[in-house]
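See structure below.
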Amino acid sequence: MTIRSALRAEARRRDEADPLTKYAREYITDGAIHLNGNSLGPPRASLTGALDRVVSDQWAPRQVQGWFREGWLDLPRTIGDKLATLLGAAPGQVVVAGETTSTTLFNALIAACRLRPTRPVLLIEAESFPTDLYIAASVARLLDRELIVRSRDGFDAYLARHGARVAAALAAPVDFRTGARRDIGPTTARCQAAGALSVWDLSHAAGVLPVDLDAHQVDLAIGCGYKYLGGGPGAPAYLYVPARLQPLLDLPLTGWHGHARMFAMTAEFEPAPGIDRARTGTPPVLSLIALDHALDPLVEVGIEALHRRGRELGEFFLECLAERAPDLAGRLASPRDPDRRGGHLALRIPEAEPVEAALAAAGVHVDSRPPDLIRLAFAPLYVTHEQVWHAVDALDHAVKGAR
Ligand SMILES: *Cc1c(COP(=O)(O)O)cnc(C)c1O
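With the sequence shown counted from 1, adding 153 to any position gets you the numbering used here.
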């Protein structure tokens with residue numbers, strides 16, 4: 154048996170031995186291999202039926218009464234509670250208001266700064282996702298604070314040295330380029346010791362990595378619904394506010410759905426008690442239904458098992474790569490230690506864009522980030538070991554073809 158076929162047999166053995174493999178059949182993949190679940194994953198086949206039921210059995214017969222009689226009005230909170238189980242948060246602390254990640258971050262950062270009115274600095278990691286850098290810069294301008302941008306170690310060093318100047322510090326548990334992890338616990342503890350608010354962007358971690366928000370006593374967290382959570386293109390974002398901060402939080406986006414008595418229609422804003430104060434206006438129900446539907450299998454499996462499976466798939470990818478294309482294995486831009494990574498890996502390949510296109514033509518979806526990164530994500534429920542084996546084959550071909 155060649156190494157190639159031995160690896161394939163091993164892939165099949167691992168898939169057969171893992172009860173999570175059966176979930177892959179639930180997703181519409183049309184024979185393609187989706188290694189871009191950190192960007193947008195495939196839908197579950199039952200989504201069309203779920204949406205059709207809302208349109209045909211709820212919206213059409215009930216019309217506006219659907220808000221009250223079908224639970225639409227509560228979706229931001231009921232979906233938030235479902236999502237909370239994946240984030241290590243007790244109920245009543247996560248809301249899906251129907252905003253984008255960017256507006257949710259804006260809301261969170263301003264509220265964080267308002268809790269520390271006399272502190273001059275807003276601290277952010279240099280490796281942050283672009284929108285995080287842009288929003289943080291805008292918030293700093295708006296509130297007349299100084300934006301301090303520091304890369305990985307410099308961020309911690311700044312907190313240690315000048316923490317008393319920091320109102321809020323924004324970081325991500327997974328670097329969106331390399332997949333490198335930043336541990337939530339120690340950085341949050343550093344913020345706490347300095348009296349600064351810790352704000353986490355979980356977009357690249359939720360659904361694939363335990364984040365244990367309550368256990369780490371995180372102050373605020375946000376993230377998007379369309380990456381590993383699978384809520385579909387443009388799925389709404391979520392906001393975590395721990396119970397201890399809810400009564401104090403003065404959010405800048407004060408829509409009528411966040412009012413203590415929404416239907417009293419008063420002229421003065423009075424924030425709702427609890428997480429409901431973080432709601433804004435009428436939420437996008439169809440998008441919320443799609444996100445709710447996507448969360449079901451993730452919640453059923455649980456974050457520990459999701460993490461275990463994603464990690465095994467990533468390790469199998471690297472094992473296959475080391476055997477089949479050792480030169481490519483040497484181009485890993487991510488930490489080799491799986492404990493130091495999130496759900497994706499990045500390879501430095503100078504021909505990243507044509508390689509991405511060649512892979513897509515071969516039915517393997519990855520993504521490239523300029524100038525030379527190929528990112529491959531190992532979403533736990535719709536990627537199999539056998540697909541990973543295929544992907545390594547296709548990647549080897551694509552890189553050779555691009556040279
Ligand atoms: C994907 C991502 C975003 C995206 O923001 P949108 O408003 O949803 O476009 C923001 N932050 C991080 C860390 C991300 O990974």
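In this text, a Cβ means the ideal position worked out from N, Cα and C, and glycines have one as well. Since the structure is predicted, the reported quantities are computational estimates derived from the model, not experimental observations.
- Look at L401 here: in three-state DSSP terms it is helix.
- The shortest C-alpha to C-alpha distance from A237 to any of I502, H543, I375 is the one to I375.
- If you check the C-beta of A290 against ligand 1, you find no heavy atom less than 7 Å away.
- Ranked by Cα distance from T182, the options E468, E465, A347, V536 are led by V536.
- For the region 161-219, the continuous alpha helix (DSSP H) assignments of 4+ residues that do not extend past its boundaries occur at 200-206, in sequence order.
- Linking G411 to L323 through their CA atoms gives a straight-line distance of about 24 Å.
- CA-to-CA, the gap between T201 and L188 works out to about 23 Å.
- Contact between G455 and G496 does not hold, since the beta-carbon distance rounds to 15 Å and is not under 8 Å.
- Judged by DSSP in its simplified three-state form, D549 adopts helix.
- In the structure shown, G316 adopts helical secondary structure according to DSSP, grouped into three states.
- For D520, DSSP records a beta bridge to R528.
- Spatial neighbours of P491 in its own chain (CB-CB distance under 8 Å, excluding positions within 5 residues in sequence) are listed in chain order as R464, G467, E468.
- Looking from the CA of R330, the closest CA among L529, D549, R556 belongs to L529.
- Ligand 1 has a heavy atom closer than 7 Å to the beta-carbon of S255.
- Secondary structure note for E506: its alpha helix (DSSP H) is the uninterrupted segment 505-514.
- Looking at A482, E472, P389, D480, the one whose alpha-carbon comes closest to that of P436 is P389.
- Per DSSP, Y393 is one residue of the beta strand (DSSP E) stretching across 391-393.
- Each of V361, V247, S304, R197 was checked against the Cα of A532, and the nearest Cα belongs to V361.
- In the three-state scheme derived from DSSP, where H, G and I count as helix and E and B as strand, A499 is classed as strand.
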